[in-house]
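Following: one structure in C-alpha cells, then a few remarks.
Numbering (the numbering used here), first residue to last: 3 to 371.
See the structure below:
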C-alpha cells in the first residue's frame, strides 16, 4: 500500500530546527500525535490507530492496531488468529498486530494538520522566549499603556500584557485607558493557553526602591545602599539609606538640592510622601530617626526581644504615632523592631505608679516582720 510522501515537509522542519532551534524530532512526534486525532475526527473512527512518519522522506504511514483473538467479534478492534497468522505466522492470541491502511484524502488532512502543529509549536517557542525574557526582568521597572482600567488594570508592554491586580494598585490613584504608567515586575506567570503574563505592582515597597535607584546615581552605583523600605502605598513611605563613605551624606544625596531628586519619585507616586532617614547600626539612633518628623527624648532598648520603649515630649506624641498609627507602624516595619511610644507625662506617671507599687511591697514586708 502506498504511503503519503512529503519530502518538502521534512526540509521545512530541518530549516526550522536551524533557524528557530525547534528539534525536528519534537515536531514530528507532535505531528504524529495530532494526525491520530485528525484521523479519528475526520473518519469518525473508534479504532486504535498509530501514525508514523518517515524521518527522511516524510512518508506518512497509518496503522490500525488490532488484538489477536481466537475468533473476532469486533472487526474494528480485533482480528482472528487465523487472519493474523496470514500476516505473520508467529503471532499468537493476545498479541497486537499493526495493519497499514491508506485512508482516502488523508494526504490533504495530513498537510493541514502538520501546518497547524508547526504554527502552534512556533507560538509556543515564541511564548517561551518572551517568558524567559520577562522572567529575567523580575524586580525591574517596566512602562506601558493602559488597555483596560478597573479592578484589574491591563497594560500593553509590547510583546505581551502586564496585569496589575487591585492589591498591587496604589489606592489613591485613578487609572485611565491610554495613560502611560510604570510598574514593578513582581512575577511572570503562564496565563490562558500558556501565554505569559507579567504581574505588575505599583504598591510594592520595592517599586519605591527601584525608582530611587533609577533617579539617584549614587544608589545605582552602590555608593549609597538602601537598607530598608516600609510603605503605606499612596500615603507615605520611609526609606533607610546608608553609605560606608563618611564623606557622603546619604540622605542629602537622595533628597537632592531643593528636594529635586526625591520630588521626581514623589511625582511618579502621585504625591506619596517619602521620609528618607539615615540607617544606623545603633538601634536607638536608628529608631529615633525612623520616627521622624517627631522629636525623641529617649529610647530604651530590649535587645533580646527587639523591643523599644520610646519617650517623646507631650506635644510630639500624636506626631510620633501619626494618623491612624501610620508613623509608628512604618517605623516599626522599617527597623523591624516592636516600638511602644509614650509621652513624657505618661512615662512619669508609669514611673510614679511603679514607685508606689514598690513602696507598697516594702511596707507590707516590714509589717510582716
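From the three backbone atoms N, C-alpha and C, an ideal C-beta is built for every residue, glycine too.
Quick caveat, the model's predicted, so the values are computed rather than measured.
Nearest to residue 129 by alpha-carbon distance, out of 191, 77 and 105, is 191. Note on the segment 8–92: whole alpha helix (DSSP H) runs with a minimum of 4 residues are 9–22, 26–44 and 83–89, in chain order. Nearest to residue 169 by alpha-carbon distance, out of 25, 133 and 207, is 207.
Here residue 117 is actually not in contact with residue 143; their C-beta atoms are around 40 Å apart, not less than 8 Å. Annotation: the continuous alpha helix (DSSP H) that includes residue 285 extends over 285–292. Closest in C-alpha terms to residue 18, from the list 121, 186 and 282, comes 121. In the same chain as residue 40, and ignoring 5 residues on each side of it, the C-beta atoms closer than 7 Å to its own belong to 111 and 115, in chain order.
Contact check between the segment 43–58 and the segment 124–138: fewer than three CB pairs, one atom from each, fall below 8 Å, which does not count as touching. As the crow flies, the alpha-carbon of residue 233 is around 24 Å from that of residue 313.
For the pair of segments examined, the segment 91–111 was found to touch the segment 54–65: the number of CB pairs separated by less than 8 Å reaches three. Straight-line spacing of the CA atoms in residue 320 and residue 146 works out to 41 Å. Under the criterion of beta carbons closer than 8 Å, residue 252 and residue 226 qualify as touching, at roughly 5 Å. The alpha carbon of residue 50 has as its nearest neighbour, out of 16, 98, 149 and 74, the alpha carbon of 98.
By the neighbour-count criterion, in which a residue is buried when 16 or more other Cβ atoms sit within 10 angstroms of its Cβ, residue 309 is exposed. Bridge partners of residue 352 according to DSSP: none are assigned. Note: residue 108 is not bridge-paired with any residue in the DSSP secondary-structure output. If you ignore the 5 residues before and after residue 85, its C-beta comes within less than 8 Å of the C-beta of 74, all in its own chain and listed in chain order. In this chain, the alpha helix (DSSP H) harbouring residue 254 covers 252–257.
Taking C-beta atoms as the reference points, residue 53 and residue 34 count as a pair closer than 8 Å. Taken in chain order, the unbroken stretches of beta strand (DSSP E) that lie wholly in the segment 191–263 and span 3 residues or more are 198–203, 227–234 and 238–244. Per DSSP, reduced to three states, the secondary structure at residue 186 is strand. In this structure, the beta-carbon distance from residue 283 to residue 238 does not fall below 8 Å.
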